[in-house]
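From first to last, the protein sequence lines stand for chains W and P.
Just so we're aligned, residue -7 is where the first sequence starts under my numbering, counting upward by one.
Just so we're aligned, residue -7 is where the second sequence starts under my numbering, counting upward by one.
Quick notes on the structure that follows.
There are 2 protein chains.
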Amino acid sequence: MPPADAPLTREQILVAAEDVLRRFGPAKATVVDVARALGVSHAAVYRHVANKAELRDLIIGRWLEGIMAPLRAIAARPGPAPQRLRQLFDALISVKRRRAADDPELLAAYRTLVGGAKSAVATHVDELVGLTAMVIRAGVEEGTFRKVDPVAAGRAVLSATSRFHHPAHAAEWADPAIDTAYNDVWQLMMDGLCAGQRSG
Amino acid sequence: MPPADAPLTREQILVAAEDVLRRFGPAKATVVDVARALGVSHAAVYRHVANKAELRDLIIGRWLEGIMAPLRAIAARPGPAPQRLRQLFDALISVKRRRAADDPELLAAYRTLVGGAKSAVATHVDELVGLTAMVIRAGVEEGTFRKVDPVAAGRAVLSATSRFHHPAHAAEWADPAIDTAYNDVWQLMMDGLCAGQRSG
């Protein structure tokens, strides 16, 4: 709860909203419930958040932002593009799996909210495609990847790995065969992307 | 309802169970509710189905069997493997989309049941991998595909197209961009699989 005399910040609202979401589920992620959790008036929260839809978009946006920061660092790193591309997707898959394993209630609550937060999710997907395209473009320029359209190929790599990072598949991630499937998909994509002689 | 003097068949039980599932949801897919819908005793149903878990496995198995029949025909057809592989996945995607669009309540009920019907789903996935591997093997033999491991490549193609046929993604199938994403994934995989000179 914030000190009574300090002004309420948007970050405090979002931290409280995440806690409400974890403890009481997505139905309770409303301005009224978050104001109650913070011990402030509805009006104080409404000064920062116009309505329930905006609150939910902000909650989802904050959750996705936590995923993106390490991925941006990998995409901006120097080094051969094929390795960086794999590191990017290993990191994406690992953060999704960790969240599914550590806090399944919160992940389930987020999945319910996501249905009503199209703009935050679209922004997230666009940025993921952008980071993937950035690494593929570097690979085309350095000659490790063929002359593909980086954005189309980036979209393809993201879609083709959905089973390994999309929360809709979280129940499959405990299957010991999931890593073999990921390696099979990766090998097939690299056979398609990589320049130079084929081994087959 | 079957004639009172005719013996009850397993098929009648499964047709009634599907109807119960569609109308009342997955919680009602029990031996007691199916017996009530058929106007027969519980014992008459128990003669065919040992318990609720077996009933659910049979319901899921029947639903998946309806998906597999046309796919088996495509895999067994003559013709160049790359085209047949595309037809196989076009057919898989189209039957899943049609079911999601025509009968969303039934699809949702099936998705809930699937969580408890691991063996029926595993059989379905194994057969899909098998059909895909059969077509890829033919392509390797005719020289249109590179010398890949057909089973690993089949598993990769099935995993990489999950977004387009796995019911967990049904909400995305109305997105007009979904076909572009499917074509992007397909192109990347064919670049990896196809023998001969690359265009890039």
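For glycine and all other residues, C-beta sits at the position ideal for the given N, C-alpha and C.
With respect to the 7 Å criterion, P:ILE66 and P:LEU80 are classified as neighbours on the basis of their beta carbons. In its chain, beyond the 5 residues on either side, VAL23 have a beta carbon closer than 8 Å to the beta carbon of W:TYR38. For W:LEU77, the enclosing alpha helix (DSSP H) has its first and last residue at 73 to 94. 7 Å or more divides the Cβ of P:ARG90 from the Cβ of P:PRO159.
Within the segment 89 to 159 of chain P, no beta strand (DSSP E) run of at least 3 residues lies entirely inside it.
At least one beta carbon of chain W lies nearer than 7 Å to the beta carbon of P:ALA160. For a Cβ distance threshold of 7 Å, nothing in chain P lies close to W:SER86: the least Cβ distance comes to about 18 Å. With a threshold of 7 Å between beta carbons, W:LEU0 makes no contact with chain P. One alpha carbon belongs to P:LEU185, the other to W:ASP171, and they sit about 21 Å apart. If you draw a straight line from the Cα of P:VAL132 to the Cα of P:MET126, it comes to about 10 Å. In this structure W:ILE59 is not in contact with W:VAL32, their Cβ atoms being roughly 29 Å apart against a cut-off of 8 Å.
The C-beta of W:VAL177 comes closer than 7 Å to at least one C-beta of chain P.
Below the 7 Å Cβ cutoff, chain W contributes LEU180, MET181, ASP183, GLY184 as neighbours of P:GLY184, in chain order. Rounded to the nearest whole angstrom, the CA to CA distance from P:VAL143 to W:LEU98 is 37 Å. Between the C-alpha atoms of P:GLU3 and P:ALA162 there is a straight-line separation of about 28 Å. With its beta carbon less than 7 Å from one in chain W, P:ARG155 belongs to the interface.
Cβ neighbours of W:LYS139 within its own chain (closer than 7 Å, five residues either side excluded): VAL132. Taking P:MET182 as the centre and dropping the five residues before and after it, the same chain places the C-beta of PRO74 closer than 7 Å to its C-beta, in chain order.
For P:ARG147, the nearest CB of chain W lies under 7 Å from its own CB, placing it at the interface with that chain. Rounded to whole angstroms, W:VAL121 and W:ARG129 show a C-alpha spacing of 12 Å. In this structure W:ALA187 does not touch W:GLY146 by the C-beta definition: roughly 17 Å separates them, more than the 8 Å allowed. The beta carbon of P:LEU13 is closer than 6 Å to those of ALA21, ALA101 in its chain, skipping five residues each way along the sequence.
For W:SER111, there are no neighbours in chain P by C-beta distance under 9 Å, as the nearest C-beta there is about 14 Å away. The CB of P:ALA101 never comes closer than 7 Å to any CB in chain W; the least such distance is about 17 Å.
Residues ASP49 of the same chain have their beta carbon placed closer than 7 Å to that of P:SER111, with the five preceding and five following residues left out of the count. If you look at W:LEU56, you'll find it in the alpha helix (DSSP H) that goes 44 to 68. Among the CB atoms of chain W, none fall inside 7 Å of the CB of P:ALA114.
In this structure, the beta-carbon distance from P:HIS157 to P:ILE85 falls below 7 Å. DSSP places P:GLU10 inside the alpha helix (DSSP H), whose first and last residues are 2 to 16. Spatial neighbours of W:TRP178 in its own chain (CB-CB distance under 6 Å, excluding positions within 5 residues in sequence) are not present. By the CB criterion at 7 Å, P:ALA9 and P:VAL26 fall inside the cutoff. Proximity of W:SER33 to chain P, defined by a Cβ-Cβ separation below 7 Å, is not satisfied. Straight-line measurement puts the Cα of W:ALA(-2) at about 49 Å from the Cα of P:ALA173. Residue-level contact by beta carbon fails for P:ALA166 and chain W, as no gap is shorter than 7 Å.
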